[in-house]
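Peer 1: Would you mind keeping the following structure in view while I ask a few things?
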Amino acid sequence: MVAIVRRSFALSLLAVFFAVLHRAASVAPAAPSSDAASFLRCLAVDLPPQVVYTNASPSYSSVLESTIKNLLFVAPATPTPVAIVAAADASHVQAAVRCGARHGVRVRPRSGGHDYEGLSYRALSAARPFAVVDLAALRAVRVDAGRRTAWVGSGATLGELYYAIANRSARLGFPGGVGPTVGVGGHLSGGGFGLLLRKHGLAADHVVDAVIVDAEGRLLDRAAMGEDLFWAIRGGGGGSFGVVLRWKLRLVRVPATVAVFTVHRPRNQSATALVTRWQRVAPALPRDVFLRVVLQNQDAQFESLYLGTCAGLVATMAGRFPELGVTPRDCIEMTWIESVLYFAFYGTGKPRELLLDRGTRPERYFKAKSDYVSEPVPSHVWESAWSWFLKDGAGLLILDPYGGRMGGVSPLATPFPHRRELFNLQYYGFWFENGTEVSEKHIGWIRGLHREMEPYVSKNPRGAYVNYRDLDLGVNGDYDDDDGGVSGYEKARAWGEMYFKVNFERLAAVKAKVDPHDFFRNEQSIPPLPSSRKGLL
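Under mature numbering (1 follows the signal peptide of the UniProt record, and there is no 0), the residues of the sequence shown are numbered -26 to -1, 1 to 511, in order.
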């Protein structure tokens, strides 16, 4: 009976696939390639029909858009996958990878978070078919409070992870990012940092095991994959080495009470001078203190988390940063999980269950870029930024300080190399109006400010954070193997060394070892190291 159902599913799948390709020439090739048709037949044989969605499936659009956060990537002309496999089991991922490898259809994993450039579900060109393995159903979180560990599926969000930890212990936490709708899989794959980074380092520093489906469809844990691949997946970016299904995390201790404050200082009340001073103060504070700045409109918003009481936080600010003028009235004491809600939703008294909201369909357009700052930026540059970028409320600059634990870990320990920088700078522009002209205006602002900041940020190469993915830095080309992959590798170095610096070559060497045929490939995936450059590992 199962075989009959699957044969029937295969025939219907192909029929609707051909029909939709005829109707949707703007988003896919005008006729199905033999690769795509063979791939779909393979899926129909190896997978239950309820987990496979094609362009003709009634739920295809809703499944595709279920985790898209950027309206830029829901345009009709955006190249979309020939199939989405909504994996409910490891075997579904293995089958999708094996079918893709067998029939020449590359697979892109999607854990369902922010994905700034949408590379987990879209392509820049419709010339070659691709498929998506959606991991949203693989989001179980198992916390072992006694051992201070947790296994978490790549499809979980950070909010779901934090919620599960807090339900098991009020004295455990995890040093991940601020946004509760960020996907765990992508976050850990790029390193991941948040408000605990100065105390505990990156999120990826606390990964102690993982389970991955490799390019041959094998299911491997840390012992089976080897230390080179385990190194690469903890900061080398998602979508290059395989599909990580779940991660084992080492949790961190948090105090019973933490302290927070948010203070605003307008531009006309010394905001520029305070931001200039902040650059020297924040990275050198005691590691229990995190003090970030968000610049928007004509306002500097200083946000702090302290692993202790208000008395300690106010005293530290008075001693280290008296110019900011923090008073006991500004400070609030709460638990760690309450601080997660405070920074995610900007307020107190929010129900913990808000962390389980995985987000809605996209509501805005946005473009982001990033930099790392090695030396304090002169005050006149910040003053210019108010006029250039922050004049109408449609842009943010987010300054996250490093220092503390970050400076005590070698830049070679994981692929993430930016540990010795003063701070990360994120440029984030957003808008709600549709249309090419308005999009070009806002994206132009972002690119213009990024260009103006070049003399004042890290150099040789200029740094960028891979989890703030930015295709302006460069993309992989449609190169062939006639030169042994040398041209493709050299082209990828342009963006790869900005994200990974000297670690890029080691990442490419790992890629050549575990995925020599470049099955896991997208516009900014790691290419295999050419044979002419091998010998690093």
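A virtual CB, placed ideally from N, CA and C, is assigned to each residue, including glycine.
On a predicted model such as this, the values are computed, not experimentally measured, just so you know.
(1) Thinking just about the alpha-carbon of each residue, which of Ser35, Gly92 and Pro32 is nearest to the one in alanine 342?
(2) Checking 9 Å against the spacing of the C-beta atoms, do arginine 254 and proline 352 come in under that value?
(3) Could you work out which residue in Ala177, Trp221 and His174 is closest to isoleucine 186 when comparing CA atoms only?
(4) Assign valine 79 to one of three DSSP states: helix, strand, or coil.
(5) Please report the straight-line C-alpha distance between arginine 82 and phenylalanine 104, rounded to a whole angstrom.
(6) Kindly provide the ranges of any beta strand (DSSP E) runs that are 3 or more residues long and lie completely inside the region 151 to 208, ordered along the chain.
(7) Answer yes or no: do arginine 113 and alanine 100 have a C-beta to C-beta separation smaller than 9 Å?
(8) Using alpha carbons as the reference points, say which of Thr155, Gly127, Thr41 and Ala178 lies closest to phenylalanine 148.
(9) Report back the beta-carbon spacing between serine 313 and valine 234 to the nearest angstrom; my notes put them in contact at under 8 Å.
(10) Quick check: the Cα distance between serine -1 and glycine 127, rounded to an integer number of angstroms?
(11) State the CB to CB distance for the pair valine 228 and valine 67, rounded to an integer number of angstroms; the pair is presumed to be in contact (CB under 8 Å).
(12) Would you identify the three-state DSSP class for asparagine 398, choosing helix, strand or coil?
(13) Use the C-beta contact count for histidine -5: other C-beta atoms within 10 angstroms, 16 or more gives buried, fewer gives exposed.
(14) Going by CA-CA distance only, name the one from Thr334, Asp446, Glu277 and Leu21 that's closest to aspartate 345.
(15) Going by CA-CA distance only, name the one from Pro389, Ala110 and Leu176 that's closest to lysine 378.
(16) Considering only residues of the region 237 to 324, which uninterrupted alpha helix (DSSP H) runs meet the minimum length of 4 residues and lie entirely inside it, listed in chain order?
(17) Between threonine 41 and chain B, is there a C-beta pair that is closer than 9 Å?
(18) Can the beta-carbon of glycine 87 be found less than 9 Å from the beta-carbon of glycine 160?
(19) Please determine, among Lys43, Leu98 and Asp20, the residue with the shortest C-alpha to C-alpha distance to glutamine 498.
(20) To the nearest angstrom, how far is it from the Cα of proline 32 to the Cα of proline 154?
(21) Would asparagine 441 and glycine 164 be called neighbours here (beta carbons separated by less than 9 Å)?
(22) Have a look at the DSSP bridge pairing and note the partners of proline 375.
(23) Taking just the CA atoms, how far does leucine 364 sit from glycine 191?
Peer 2: With the structure as the only source:
(1) Out of Ser35, Gly92 and Pro32, Gly92 has the C-alpha closest to the C-alpha of alanine 342.
(2) No, they are not a contact pair.
(3) For isoleucine 186, the closest alpha carbon among the candidates Ala177, Trp221 and His174 is that of Trp221.
(4) In this structure, DSSP gives valine 79 a state outside helix and strand, which the three-state scheme calls coil.
(5) Their Cα atoms are separated by approximately 7 Å.
(6) 181 to 187, all fully within the region 151 to 208.
(7) Going by beta carbons, arginine 113 and alanine 100 fall outside the 9 Å limit.
(8) Closest by C-alpha distance to phenylalanine 148, out of Thr155, Gly127, Thr41 and Ala178, is Ala178.
(9) Contact annotation, serine 313 with valine 234: C-beta distance approximately 5 Å; criterion of less than 8 Å satisfied.
(10) Because serine -1 sits at a pLDDT of 33, beneath the cut-off of 50, its placement in the model cannot be relied upon, and the point is left open.
(11) The C-beta distance from valine 228 to valine 67 rounds to 34 Å, too long to fall under 8 Å, and the pair is not in contact.
(12) Taken through DSSP and simplified to helix, strand or coil, asparagine 398 comes out as strand.
(13) At histidine -5, the pLDDT of 36 sits below 50, so the modelled position is not reliable; the number obtained from the coordinates is stated separately. A residue is called buried once 16 or more other Cβ atoms fall within 10 Å of its Cβ, and histidine -5, having fewer, is exposed.
(14) Comparing Cα-Cα distances from aspartate 345 to each of Thr334, Asp446, Glu277 and Leu21, the minimum goes to Asp446.
(15) Note that residue 378 corresponds to glycine in the displayed sequence, not to lysine. For glycine 378, the closest of Pro389, Ala110 and Leu176 by C-alpha to C-alpha distance is Leu176.
(16) Here the runs fully enclosed are 245 to 255, 284 to 294 and 310 to 319.
(17) Judged by its chain identifiers, the structure shown contains no chain B, having just a single protein chain.
(18) Contact flag set, yes.
(19) Nearest C-alpha to glutamine 498 among Lys43, Leu98 and Asp20: Leu98.
(20) Each residue's alpha carbon lies about 29 Å from the other.
(21) Cβ distance < 9 Å, so asparagine 441 and glycine 164 count as in contact.
(22) DSSP output for proline 375 lists Phe397 as bridge partner(s).
(23) Looking at the two C-alpha atoms, the distance is approximately 48 Å.
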